[in-house]
Structure formats: C-alpha cells, structure tokens
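Reviewing the structure listed below.
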Amino acid sequence: VLLIGLIVNGHKDPHVLPGRSAIVHLFEWKFADIATECENFLGPKGYDIRACFGSTQVSPVHENLVVTSPKRPWWERYQPISYKIVSRSGDEAAFKDMVRRCNAAGVRIYVDVIMNHMSGNRPNAHGVGGSTANPANLSYPAIPYGPEHFHSICGINNYNDAGNVRNCELVGLHDLNQGLGTVRTKLIEVLNTLVDAGVTGFRVDAAKHMWPSDLEYIYNQVKNLSTEHGFNNDSKPFFYQEVIDLGGEGIHSTDYIGFGRVTEFKYSHELGNAFRGNNAIKWLQSFGTGWGFIPSGDAVVFVDNHDNQRTHGNIVLTHKNAKLYKMAVAFMLAWPYGYPRVMSSYFFSSFDEGPPQDNAENILSPIINSDDTCGNGWVCEHRWRQIYNMVAFRNVVE
Numbered sequence: 001v002l003l004i005g006l007i008v009n010g011h012k013d014p015h016v017l018p019g020r021s022a023i024v025h026l027f028e029w030k031f032a033d034i035a036t037e038c039e040n041f042l043g044p045k046g047y048d049i050r051a052c053f054g055s056t057q058v059s060p061v062h063e064n065l066v067v068t069s070p071k072r073p074w075w076e077r078y079q080p081i082s083y084k085i086v087s088r089s090g091d092e093a094a095f096k097d098m099v100r101r102c103n104a105a106g107v108r109i110y111v112d113v114i115m116n117h118m119s120g121n122r123p124n125a126h127g128v129g130g131s132t133a134n135p136a137n138l139s140y141p142a143i144p145y146g147p148e149h150f151h152s153i154c155g156i157n158n159y160n161d162a163g164n165v166r167n168c169e170l171v172g173l174h175d176l177n178q179g180l181g182t183v184r185t186k187l188i189e190v191l192n193t194l195v196d197a198g199v200t201g202f203r204v205d206a207a208k209h210m211w212p213s214d215l216e217y218i219y220n221q222v223k224n225l226s227t228e229h230g231f232n233n234d235s236k237p238f239f240y241q242e243v244i245d246l247g248g249e250g251i252h253s254t255d256y257i258g259f260g261r262v263t264e265f266k267y268s269h270e271l272g273n274a275f276r277g278n279n280a281i282k283w284l285q286s287f288g289t290g291w292g293f294i295p296s297g298d299a300v301v302f303v304d305n306h307d308n309q310r311t312h313g314n315i316v317l318t319h320k321n322a323k324l325y326k327m328a329v330a331f332m333l334a335w336p337y338g339y340p341r342v343m344s345s346y347f348f349s350s351f352d353e354g355p356p357q358d359n360a361e362n363i364l365s366p367i368i369n370s371d372d373t374c375g376n377g378w379v380c381e382h383r384w385r386q387i388y389n390m391v392a393f394r395n396v397v398e
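Numbering follows UniProt numbering, with no gaps: position 176 of the sequence shown is 176.
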C-alpha cells in the first residue's frame, strides 16, 4: 500500500527547480521561440532568478489534421492524425532541441497530450507532416489504428451518464478505447518517447472523457523521468488532467485526484465572478476547499485557459479585461491554494481564429518590444510587469 501511495503522489510533483514556481502556457508558440524564451526570460538569463517561471506548457506536439475551413483554427491541434512529432510549432528535431535548452535554463516542459480521441471526419484528410487518414472509416494508418481501436460511434448527449460521456464522441472526434491493450500500449509508447526527450510532465486533454481506471493504468506504466536530462532515477512524470467540473454532472474532479492533479475550473469561474463584482472580494479570504474545490495539493489553478477565454467571456477574465485580469492573476500567484498556471495568449477576434501567421500559413514569431512586451499579434501576458513580478513574489515566499 505504501509503495502504491508513493507512485501516486509522484505523479503530482511538478519537478520544478528550487526557488521556482508557476506554469506558463505558451499557447501555439513555435518550439524555437519557446527555447529562446526559456533562455532569455523564463530561465535565469537576463532576469533575477527570483522572477523565474518553473515550467511551460506547450501546445500538442503530434501531427494533427490540417483544417482549411475555417482557416487553420487553433483547435486543429486537438485533432491528431498520427503520433509523429511534427506540427506548425516545428519538427521532432526542433522539439528535442527546445526541451534540451529549456531544461538547461531550468524550465521544465509539460506537453499537452491528446489520448481521448483522434480527428473528426474531413474529406481528403491529411496531416501537417504528410500523413493521410480516412476518419469516416476509423482508419489512421500512420499509427496504425483501425475500427477495432475505437468505441462505437455515438454522440455525447447526457452529462449525467458517465458511460455516455466517456464512451461516446466529443464533438464528433473519434473516441479511442483506452481499455484495449493495443491502445494502452500505443499511448504508453507515445508518452515514453516524450519522457526520453526530457519532458517532465503532461497536461491530459479531455481526461473527463476517459475512464479513471484506464488513465491510472497508463500513467503507472510510463517510465521514470530521464536521468540523462538531470532527473533523479525515481522521479515520476507530472500529470495534470483536464476535468471540467462546475457541478451538477455525473463526473467529478475527485474521480481523478487519486493518481494525478486536476485542473480546477471552479477556481477560474469564481475568481472571475469576484473581480467582476458579482461576489464581494472579501469572501476570497476563504478561497479554496471551503468553496467546494478539490484539495490544494490536487489542483492546478488558473484565471483563464485557451478554451474558456473563448467561451466564458461574461464570467472568466482574460487579457481583454487587462486591469481586472492583472489583479486576478496577482491574487492567484499570492494565494496559497493549488499550483498556478499563467496563460500566454495571442490576440483573436473570433472563436476559431488561429495564431498569428503569414500568407503561407506559417506561425509568426513574437516580436519582443523594448519594454519586454510582445508584438506581432502576441499578447504575452507572462511578460506583463505586474504578472512576472508576482511570480517572483511567489518564488520568494513559497
């Protein structure tokens, strides 16, 4: 029993260096730009070490379906077509170089991984790396997956029915059966490849839509972190799982906290309500488990993320509400509940809009202005003075 407990607790350790804290989500950044940011801003070079972020979350790295209508939306990254490391962020060589350079700068890398599903149906389906598929026939030869690797096709229509939520398709994305040995083996292999490259942890997309027992099995089969990249030989990968639980449904965050951390979406909503004036700020003095949140050591917290900044704008605060947003992020970084994640966005005017890109659909690099803010279509909230100073504050007092 003790050994099992040690394994479980190990998957909740973010493995950041001493004196560092906070994740920054460099949403849709290219690998080369992330590496440079680790060296020049997030890591020790150029800034007082007390201001250092502990880690960065990167967008999905595996080959995704190319979507041209709408034009290259952000969500195409969440429709894998193979497990090759290639995307608009870069190829496998660029990815490995980024991980190596960020680790050398003291910044850990967490990869956003999609294990719940593959792509939805598209005619002439092809990926950014040239792989092809026939999604309508559940055929993904680059892996290979066939119809036998998926749950039966059905739509999610009852969020009070755990079986419906976990065995049916999320918005038409073909739902993998993680209970099958062949699927489990493939997913473990995918995660092990990333660990070998020096990755520290994983944000598990759509964890709510997978059975907890399947995820626990997969996590416990993933190898320890790579000693070649400076980790102790008994270090377990960090897992934090996307479980949207705002109450009133049949699936709960607590279903998943036994074997990894969970993203606490109630935190984002309630913090938005407070700073928008819908609730009195004074009530935040008890902000945490007293509000029905999961235990602090199980939670990853955030003011906004790449999903809800597009879909819950009347409650969730984003960079578009700059003054209130800075106040809310400052509170998050000062308040002793959960492990904080800071969003780093690009400007967008519609739900689907992808990252800044040129006429050839290549992602543009951020331009760093003289005051350390970003240009070229990037917001870079993590470079706002009020935010990085509060990361420094947290590093000192934690």
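Just so you know, even glycine gets a beta-carbon here, dropped at the ideal spot from N, CA and C. The structure presented is a predicted model; accordingly, all values stated were derived computationally and were not measured.
Where the beta strand (DSSP E) through residue i begins and ends
i, result
"Tyr145", "Careful: Tyr145 lies outside any beta strand (DSSP E) and carries neither H nor E."
"residue 482", "Nothing about residue 482 can be reported from this structure: the residues present for the chain run from 1 to 398 only."
"Leu26", "21–26"
"Glu63", "62–64"
"Pro80", "80–87"
"Asp214", "First-last for Asp214: 212–221, but that is the alpha helix (DSSP H), not the beta strand (DSSP E)."
"Asp112", "108–113"
"residue 416", "For residue 416 there is no data in the structure shown, the boundaries of the chain being 1 and 398."
Exposure of residue i, with buried meaning 16 or more beta-carbon neighbours within 10 Å
i, result
"Ala22", "buried"
"Arg385", "exposed"
"Lys223", "exposed"
"Gly46", "Low local confidence applies: a pLDDT of 44 at Gly46 is under 50, so the model's placement there is unreliable, and no value is given."
"residue 400", "With the chain covering only 1 through 398, there is no way to say anything about residue 400."
"residue 399", "Residue 399 cannot be examined here, being either before or after the span of the chain that is shown, 1 to 398."
"Ser286", "exposed"
"Thr289", "exposed"
"Arg394", "buried"
"Lys30", "buried"
"Gly354", "buried"
"Ile281", "exposed"
"Asp298", "buried"
"Leu153", "Note that residue 153 is Ile in the sequence shown, not Leu. Ile153 is exposed by the Cβ-count criterion."
"Thr263", "buried"
Extent of the continuous alpha helix (DSSP H) run through residue i
i, result
"Asp371", "Taken as a continuous stretch (DSSP letters only), Asp371 belongs to no alpha helix (DSSP H), as it is neither H nor E."
"Pro14", "First-last for Pro14: undefined, no H or E at that position."
"Ala299", "Where Ala299 is concerned, there is no enclosing alpha helix (DSSP H), although the beta strand (DSSP E) it sits in stretches over 299–301."
"Phe393", "385–397"
"Asp33", "31–37"
"Gln289", "It should be pointed out that residue 289 corresponds to Thr in this sequence rather than to Gln. Taken as a continuous stretch (DSSP letters only), Thr289 belongs to no alpha helix (DSSP H), as it is neither H nor E."
"Arg184", "181–196"
"Phe275", "265–275"
"Gln309", "308–311"
Within 8 angstroms, strictly: CB atoms of residue i and residue j
i, j, result
"Cys387", "Lys326", "According to the sequence displayed, residue 387 carries Ile and not Cys. Their beta carbons are under 8 angstroms apart, which means Ile387 touches Lys326 by this criterion."
"His151", "Asn167", "yes"
"Phe53", "His382", "yes"
"Val204", "Val113", "yes"
"Asn40", "Gly127", "no"
"Arg310", "Phe275", "no"
"Pro73", "His62", "no"
"Arg77", "Ser55", "no"
"Tyr159", "Glu37", "no"
"Glu28", "Ile363", "yes"
"Lys96", "Ala162", "no"
"Ile156", "Leu170", "yes"
"Phe239", "Val111", "no"
Beta-carbon proximity list for residue i, same chain, < 6 angstroms, skipping 5 on both sides
i, result
"His269", "Ile315"
"Asn121", "Pro135, Ala136"
"Lys12", "Arg261"
"Met98", "Phe31, Ile34, Ala35"
"Asn389", "none"
"Leu42", "Phe53, Val107"
"Val115", "Correcting the residue type first, residue 115 is Met in the shown sequence and not Val. Contacts found: Leu187."
"Ser365", "Asp33"
Cutoff 8 angstroms; reference residue i; Cβ partners in own chain excluding five residues on either side
i, result
"Asn273", "Asn279, Ile315"
"Glu216", "Gly258, Phe259"
"Leu317", "Leu271, Gly272, Phe275, Arg276, Val303, Asp304, Leu324, Tyr325, Ala328"
"Glu361", "Lys71, Arg72, Arg88"
"Ser69", "none"
"Pro295", "Ile257, Thr289"
Sequence-distant residues of the same chain with beta carbon closer than 7 angstroms to residue i, five excluded per side
i, result
"Val347", "Reading off the sequence, residue 347 comes out as Phe, not Val. Correct list, in chain order: Gly377, Val379."
"Phe265", "Ile244, Asp245, Leu246"
"Arg101", "Ala35, Cys38, Glu39"
Residue i CB to nearest heavy atom of the ligand GTP below 7 angstroms
i, result
"Asn64", "The ligand GTP is not among the ligands present in this structure, which contains no ligands whatsoever."
**Request:** Could you tell me whether the region 205–212 touches the region 244–261, using the rule of 3 or more Cβ pairs below 8 angstroms?
**Result:** yes
**Message:** Between the region 334–342 and the region 13–29, can you find at least three pairs of beta-carbon atoms closer than 8 angstroms?
**Reply:** Three or more pairs of CB atoms, one per stretch, sit closer than 8 angstroms, so the region 13–29 contacts the region 334–342.
**Request:** Taking 8 angstroms as the threshold, find out whether the region 24–37 comes into contact with the region 95–111 through three or more Cβ pairs.
**Result:** yes
**Request:** Inspect the CB distances between the region 138–157 and the region 166–182 and report whether three or more fall short of 8 angstroms.
**Result:** yes
**Message:** Could you check whether the region 71–89 touches the region 223–238, counting it as contact only if at least three pairs of C-beta atoms, one from each stretch, sit closer than 8 angstroms?
**Reply:** no
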